[in-house]
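Notes for the one structure printed next.
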Ligand SMILES: [Zn+2]
Ligand SMILES: [Zn+2]
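In this note's numbering, the protein residues as written are 1147 to 1384.
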């Protein structure tokens, strides 16, 4: 047993894991979620949109992707966005439940690992938050998920490459067109990125894709060839 595993085991005894769904103590030793709670979540299953990965009724593209030409190349999400995962993410973001990233990263590696490996990204870039938000919250939720995913897939995380500039309005309160406008100029690539052929953007929730497209646009403008995304959850398509 290596020292990290020993320390992890000790930590599990001293600080029992909190379940990302029911918010109670996970009774099974070493687990990151209750066995009955994981069954409440809905994994994204085929058929899914060939562009954004949203679950759809038939194959091909979802309605959104049929209408919008995305900047990113392709994407994958692990779970369908529903009340369980939405509450979980809320606690993760606003109630300091950083530890939920262990489950989030694991489920993303399980559900999206094959797709991500086939894309062969040189780096994982979590969607950055603005400095003021980082100060207030203490962490970037996308970065915590990206680090878990990075450890499992052995792809390095780069948090310095893209910076969030303006403190944008909360996206969820805006319509699709307004979202895009709101994000114009929101991200900036801080260094030459030509050496990176392929980048994977990681976020917690994929809604319209406006955020992923804004980051992907910056990266491609800085010389990155292909940009993919992976998110913990996504809405249903039609
Ligand atoms: Zn639970
Ligand atoms: Zn789609």
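Note that the Cβ used here is the ideal one computed from N, Cα and C, for glycine as well.
Nearest residue (CA-CA) to residue 1217, options 1357, 1378, 1155 and 1262: Comparing Cα-Cα distances from residue 1217 to each of 1357, 1378, 1155 and 1262, the minimum goes to 1357.
Same chain only: Cβ atoms within 6 angstroms of residue 1251, ignoring 5 sequence neighbours per side: Excluding sequence neighbours, residue 1251 sits near 1291, 1294 and 1295.
Uninterrupted alpha helix (DSSP H) stretches inside the region 1215-1244 (no shorter than 4 residues): With a minimum length of 4 residues, the continuous alpha helix (DSSP H) runs that stay inside the region 1215-1244 are 1229-1240.
Beta-carbon separation (whole angstroms), residue 1329 vs residue 1360, contact threshold 8 angstroms: With 8 angstroms as the limit, residue 1329 and residue 1360 qualify as a contact, their Cβ atoms being about 4 angstroms apart.
Buried or exposed by the 16-neighbour rule on C-beta atoms within 10 Å, applied to residue 1352: Buried, because 16 or more other Cβ atoms sit within 10 Å of the Cβ of residue 1352.
Nearest to residue 1344 (by Cα), restricted to the options 1355, 1282, 1164 and 1365: With distances taken between Cα atoms, residue 1344 lies closest to 1365.
Any beta strand (DSSP E) of 3 or more consecutive residues that is wholly inside the region 1257-1281: With a minimum length of 3 residues, the continuous beta strand (DSSP E) runs that stay inside the region 1257-1281 are 1269-1272.
Assumed close pair residue 1189, residue 1224 - CB separation to whole angstroms, cut-off 8 angstroms: That belief holds up - the Cβ atoms of residue 1189 and residue 1224 are roughly 7 angstroms apart, short of 8 angstroms.
Endpoints, alpha helix (DSSP H) assigned at residue 1358: If you look at residue 1358, you'll find it in the alpha helix (DSSP H) that goes 1356-1367.
Beta-carbon separation (whole angstroms), residue 1325 vs residue 1354, contact threshold 8 angstroms: Between residue 1354 and residue 1325 the Cβ distance is about 6 angstroms, and since that is below 8 angstroms, they are a contact.
Rounded Cβ spacing between residue 1226 and residue 1382 (contact assumed at less than 8 angstroms): About 6 angstroms; that satisfies the 8 angstroms criterion.
Uninterrupted alpha helix (DSSP H) stretches inside the region 1274-1347 (no shorter than 4 residues): For secondary structure counted as the alpha helix (DSSP H) over 4 or more consecutive residues, the region 1274-1347 holds these complete runs in sequence order: 1277-1283, 1287-1299 and 1322-1329.
Rounded straight-line distance, which links the Cα of residue 1297 to that of residue 1341: So the two alpha carbons sit approximately 22 angstroms from each other.
Residue 1177 to residue 1163 span [Cα, whole Å]: Their backbone Cα atoms lie some 8 angstroms apart in a straight line.
Contact check, residue 1246 vs residue 1234, beta carbons under 8 angstroms: Yes, they are a contact pair.
Classification of residue 1215 by the beta-carbon crowding that lies within 10 angstroms, buried from 16 upward: By the neighbour-count rule (16 or more Cβ atoms within 10 Å), residue 1215 is not buried but exposed.
Identity of the residue in 1350, 1283 and 1261 nearest residue 1194 by Cα: It is 1261 whose Cα lies nearest to the Cα of residue 1194.
Presumed contact (8 angstroms Cβ cut-off) between residue 1271 and residue 1380, rounded CB distance: Incorrect: roughly 18 angstroms between the Cβ atoms, too far for contact.
As assigned by DSSP and simplified to three states, the class of residue 1376: Residue 1376: strand per DSSP, three-state reduction.
Residue 1211, enclosing alpha helix (DSSP H) - first and last residue: First-last of the alpha helix (DSSP H) with residue 1211: 1209-1213.
Nearest residue (CA-CA) to residue 1334, options 1320, 1150, 1306 and 1168: Nearest C-alpha to residue 1334: 1306.
Cβ-heavy atom distance, residue 1364 to ligand 2, below 7 angstroms: Short note on residue 1364: C-beta not closer than 7 angstroms to any heavy atom of ligand 2.
Contact check, residue 1299 vs residue 1259, beta carbons under 8 angstroms: Against a cut-off of 8 angstroms, the Cβ pair of residue 1259 and residue 1299 comes out as a contact.
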